[in-house]
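Sequences listed follow chains R and G, in order.
Residue 27 in my numbering sits at position 27 of the first sequence, with consecutive numbering throughout.
Positions in the second sequence are counted from 1; adding 249 to them yields my numbering.
We treat Cβ as the ideally placed atom computed from N, Cα and C, and that holds for glycine.
Below: the structure, in structure tokens.
Number of protein chains: 2
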Amino acid sequence: MEYTIKQVAKLSGVTQRALRHYEQVGLLSPRRKSGSGYRIYGKEDLVRLQQILFYRELNLGLSTIKSICLDPDFDLESALTEQKRLLQEKRDQLDRLLLTLEHTLQERKGERMMTDQERFEGFKRQLVEENEKQYGKEVRERYGKETAQRANAQMMGMDESAYNEFTALGEKLLEKLSEAAKLGDPTSVSAMEVARMHKRWLGYTWGEYSAEAHRNLVQMYVDDERFASYYQGNAEFLRDAVHHFLDNN
Amino acid sequence: MEYTIKQVAKLSGVTQRALRHYEQVGLLSPRRKSGSGYRIYGKEDLVRLQQILFYRELNLGLSTIKSICLDPDFDLESALTEQKRLLQEKRDQLDRLLLTLEHTLQERKGERMMTDQERFEGFKRQLVEENEKQYGKEVRERYGKETAQRANAQMMGMDESAYNEFTALGEKLLEKLSEAAKLGDPTSVSAMEVARMHKRWLGYTWGEYSAEAHRNLVQMYVDDERFASYYQGNAEFLRDAVHHFLDNN
DNA sequence: ATACACCTTGACGCAACGTCAAGGTCAACA
DNA sequence: TGTTGACCTTGACGTTGCGTCAAGGTGTAT
């Protein structure tokens, strides 16, 4: 089943402009384009769009959503479970707000006194949550990499040994990266080795490989704090190395 | 009890920048400024801020909130009741979303099939609601002017006869306005009379009068559809008349 | 062949702030 | 009395997530 942009817009309630915008920022690209350049979306794109909307409902920024969805550890089922928890939290929050409102009404009628703090109960908590969400710490910490990775591996049809290779490669990558980074030259031979390893590592989860996506991903490692810290401050080095690697094919 | 901007920010969870912004757009001005220009907020300002936050939670734009709060017919108690209803609606919406999420999870586990429409149930309804809210039709229609006006009058300490004068003046204003508008000249003598009447009319509800607020208000009559229609297409004329009136003191 | 609804890519606009920058204020403490 | 340090001020430019044209290509139906 394929859909034009108008059909997707009508189906999802998202405007055409928004869909184009999502493509521009690399968040949701149609599965293909017609001969004359028309966008053609597929079922997978609808699933992705739904994900985007759920996250947006939780007030995540598009760039944050992007990094979540492009993360090799992304697993739809864990994501849905997490979204459920967060949406429930949001609903509870709304309930607190309604309580505050009720109190304010009572105060108005002279049936109750309110302190200044009480007047803003239900608004403030939100801010803390938003911050936590922005950096997605909760999302990450709640499921150790292990679970999500395994789920993902299964979905990609890896067997136990392939999975072990995958994780081993991931660890080795981290090692080699910090070694190479110490030398400081992202064009060095060892840096190129790291870049090649990274590409191989992505191969385990990335059905099809594209240099552009690879470039974007490592750029994201730099932009997104979570990745940056996962790569222990070597995200920039990794980016430069991979870019240089890809430049020289 | 008075508060500096920092205290208000801490109390409410709103940033200082946002508070300054609210002042800039004429939404929330501190009750006074200290000798050295420091913003000093009072209890009334906190109540107003709470109102703003409730409306923001409902995704109303600042300009819409402004017109609601500056409306001579604004009544806190009706507003709170209405907010309660809308927030409850929003919570129900969240529940629908959670249902969709649950269905998607089940689909993932192969326990259920989903149509494309179902996948976006709970998102789309939102759009319609947002539109209705934007123009605040519900908010207005739910309480005829009568109720709110009476409540407001009571709060301002008007007695029955003052209230009658107030409403009579309001009606006469509409009449004279449309008469004057027919002539087309907003600087005419009859236009100036209308402007003076409008000022007098505001006097009933405005505690203290300020020319700037008056200018803003009539500008809003033009910008906001609801007022524009209340003044039967003569909002622009009224604005020009009042501005000219104020220019010539 | 022309009408019509659809699509494309710019490019500018806008709301609601975030984020400096440059400088004034004020209570406290040496 | 001078000097921190925390607070405040007013610009002014930046960012996000689109909305809203504008100018033009596409596709099918009559």
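Closer than 8 Å at the beta carbon, the chain R residues around G/Leu347: Walking along the second sequence from the start, residue 347 of chain G turns up at place 98. Under the 8 Å cutoff, chain R gives Lys84, Leu87, Gln88, Arg91.
R/Leu105 vs G/Leu336 beta-carbon contact at 8 Å: Numbered from its first residue, the first sequence carries residue 105 of chain R at position 105. Numbered from its first residue, the second sequence carries residue 336 of chain G at position 87. No, they are not a contact pair.
Cβ-Cβ distance between R/Gln83 and G/Leu350 below 8 Å: Along the first sequence, one-based indexing puts residue 83 of chain R at 83. Along the second sequence, one-based indexing puts residue 350 of chain G at 101. It is a contact, given that the beta carbons lie within the stated cut-off.
Beta-carbon proximity check, G/Ile301 vs G/Leu276, cutoff 8 Å: For the purposes of this step, residue 301 of chain G is identified with residue 52 of the second sequence, where counting begins at 1. For the purposes of this step, residue 276 of chain G is identified with residue 27 of the second sequence, where counting begins at 1. Yes, the pair counts as a contact, with Cβ atoms nearer than the cut-off.
Nearest candidate by alpha-carbon position, reference R/Phe123, set G/His447, G/Ala429, G/Thr264: Translated into positions along the first sequence, residue 123 of chain R becomes position 123. Of the candidates G/His447, G/Ala429, G/Thr264, the one whose C-alpha sits nearest the C-alpha of R/Phe123 is G/Thr264.
DSSP three-state assignment for R/Gly42, whether helix, strand or coil: Along the first sequence, one-based indexing puts residue 42 of chain R at 42. Shown here, R/Gly42 sits in a strand according to DSSP, grouped into three states.
Element boundaries [alpha helix (DSSP H), containing R/Phe237]: If you number the first sequence from 1, residue 237 of chain R lands on position 237. Note, R/Phe237: alpha helix (DSSP H), 235 to 247.
R/Ala195 and R/Val242 closer than 8 Å at C-beta: Translated into the one-based positions of the first sequence, residue 195 of chain R becomes position 195. Translated into the one-based positions of the first sequence, residue 242 of chain R becomes position 242. Between R/Ala195 and R/Val242, the CB-CB gap stays under 8 Å.
Nearest neighbour of G/Tyr470, chosen from G/Arg361, G/Leu319, G/Asn497 [CA to CA]: Stepping through the second sequence from its first residue, residue 470 of chain G is reached at position 221. G/Tyr470 has its Cα closest to that of G/Leu319, out of G/Arg361, G/Leu319, G/Asn497.
Any C-beta of chain R under 8 Å from that of G/Phe303: Locating residue 303 of chain G in the second sequence gives position 54, where the first residue counts as 1. Yes, G/Phe303 counts as interfacial toward chain R.
Inter-residue Cα distance where the pair is R/Thr64 and R/Leu58: Looking up residue 64 of chain R in the first sequence gives position 64. Looking up residue 58 of chain R in the first sequence gives position 58. Cα-Cα distance, rounded: 11 Å.
C-alpha distance - G/His463 paired with G/Gly433, whole-angstrom precision: One-based indexing of the second sequence puts residue 463 of chain G at position 214. One-based indexing of the second sequence puts residue 433 of chain G at position 184. Distance between the alpha carbons of G/His463 and G/Gly433 is about 22 Å.
Classification of R/Asn248 by the beta-carbon crowding that lies within 10 angstroms, buried from 16 upward: Residue 248 of chain R sits at position 248 when you count from the first residue of the first sequence. Burial call: exposed.
Under 7 Å by beta carbon: chain G residues contacting R/Gly13: On the first sequence, position 13 is the one that residue 13 of chain R refers to. In chain order: Phe369, Phe372, Lys373, Leu376.
Reduced DSSP secondary structure (H/G/I, E/B, other) of R/Tyr3: Sequence index remark: in the first sequence, residue 3 of chain R carries index 3 (1-based). DSSP places R/Tyr3 in strand when its eight states are reduced to three.
Amino acids of chain G, ordered along the chain, whose beta-carbon sits closer than 8 Å to that of R/Leu62: The sequence position of residue 62 of chain R within the first sequence is 62, counting from 1. In chain order: nothing, as chain G lies at least about 16 Å away.
Those residues which DSSP pairs with G/Lys282 across a bridge: Here residue 282 of chain G refers to the residue found at position 33 when the second sequence is read from its first residue. For G/Lys282, which the question treats as bridged, DSSP gives the partners G/Arg288.
Enclosing alpha helix (DSSP H) for R/Arg119 [first to last residue]: Sequence index remark: in the first sequence, residue 119 of chain R carries index 119 (1-based). Taken as a continuous stretch (DSSP letters only), the alpha helix (DSSP H) holding R/Arg119 covers 116 to 119.
Within-8 Å CB hit, R/Cys69 to chain G: Start at 1 with the first residue of the first sequence, and residue 69 of chain R comes out as number 69. No, R/Cys69 lies away from the interface with chain G (no Cβ there is under 8 Å from its Cβ).
Listed by chain order, chain R residues near G/Leu307 by CB distance under 8 Å: The residue labelled residue 307 of chain G in the question sits at position 58 within the second sequence. The premise fails here: G/Leu307 is roughly 10 Å from chain R at the closest Cβ pair, so nothing lies under 8 Å.
Within-8 Å CB hit, R/Arg108 to chain G: One-based indexing of the first sequence puts residue 108 of chain R at position 108. Yes - at least one Cβ of chain G is within 8 Å of the one on R/Arg108.
Reduced DSSP secondary structure (H/G/I, E/B, other) of G/Arg389: What you label residue 389 of chain G is simply residue 140 of the second sequence in a count that begins at 1. Summary for G/Arg389: the model assigns pLDDT 39, below 50, so the residue's position carries little reliability; its value from the coordinates is reported in the next sentence. It is helical.
Presumed contact (8 Å Cβ cut-off) between R/Pro72 and R/Leu202, rounded CB distance: Against the first sequence, residue 72 of chain R aligns to sequence position 72. Against the first sequence, residue 202 of chain R aligns to sequence position 202. 7 Å between Cβ atoms; contact.
G/Val443 (DSSP reduced to helix, strand or coil): As a working mapping, residue 443 of chain G is identified with position 194 in the second sequence. Correct three-state label for G/Val443: helix.
Residues, ordered as in the chain, of the stretch 23 to 53 of chain R that lie near chain G by beta-carbon distance below 7 Å: Leu46, Gln50, Leu53
C-alpha gap between R/Gly35 and G/Leu329, whole angstroms: The residue labelled residue 35 of chain R in the question sits at position 35 within the first sequence. The residue labelled residue 329 of chain G in the question sits at position 80 within the second sequence. In a straight line, the C-alpha of R/Gly35 is about 56 Å away from that of G/Leu329.
Beta carbon of R/Arg119 nearer than 8 Å to that of R/Leu169: Position 119 of the first sequence, counted from the first residue, corresponds to residue 119 of chain R. Position 169 of the first sequence, counted from the first residue, corresponds to residue 169 of chain R. For R/Arg119 and R/Leu169, no; Cβs fall outside 8 Å.
Beta-carbon proximity of G/Glu251 to G/Tyr304, cut-off 8 Å: The residue given as residue 251 of chain G occupies position 2 in the second sequence. The residue given as residue 304 of chain G occupies position 55 in the second sequence. In this structure, G/Tyr304 does not lie closer than 8 Å to G/Glu251 by Cβ.
Range of the contiguous alpha helix (DSSP H) that encloses G/Thr330: As a working note, residue 330 of chain G is residue 81 in the second sequence. Counting along the chain, the alpha helix (DSSP H) containing G/Thr330 begins and ends at 325 to 357.
Close-in-space but distant-in-sequence residues of the same chain around R/Glu179 (CB under 8 Å, 5 per side omitted): Here residue 179 of chain R is taken as the residue at index 179 of the first sequence, counted from 1. These residues qualify, in order along the chain: Ser190.
Exposed unless 16 or more other CB atoms sit within 10 angstroms - verdict on R/Lys109: For this step, residue 109 of chain R is matched to residue 109 along the first sequence. With fewer than 16 other Cβ atoms within 10 Å, it is exposed.
For G/Thr264, the three-state DSSP class (helix, strand or coil): For the purposes of this step, residue 264 of chain G is taken as the residue at position 15 of the second sequence. Residue state, collapsed to three classes: coil.
Residues, ordered as in the chain, of the stretch 70 to 81 of chain R that lie near chain G by beta-carbon distance below 9 Å: Leu76, Glu77, Leu80, Thr81
Sub-8 Å separation of G/Met441 and G/Phe494 beta-carbons: Walking along the second sequence from the start, residue 441 of chain G turns up at place 192. Walking along the second sequence from the start, residue 494 of chain G turns up at place 245. Yes; because the gap between Cβ atoms is below 8 Å, this pair is in contact.
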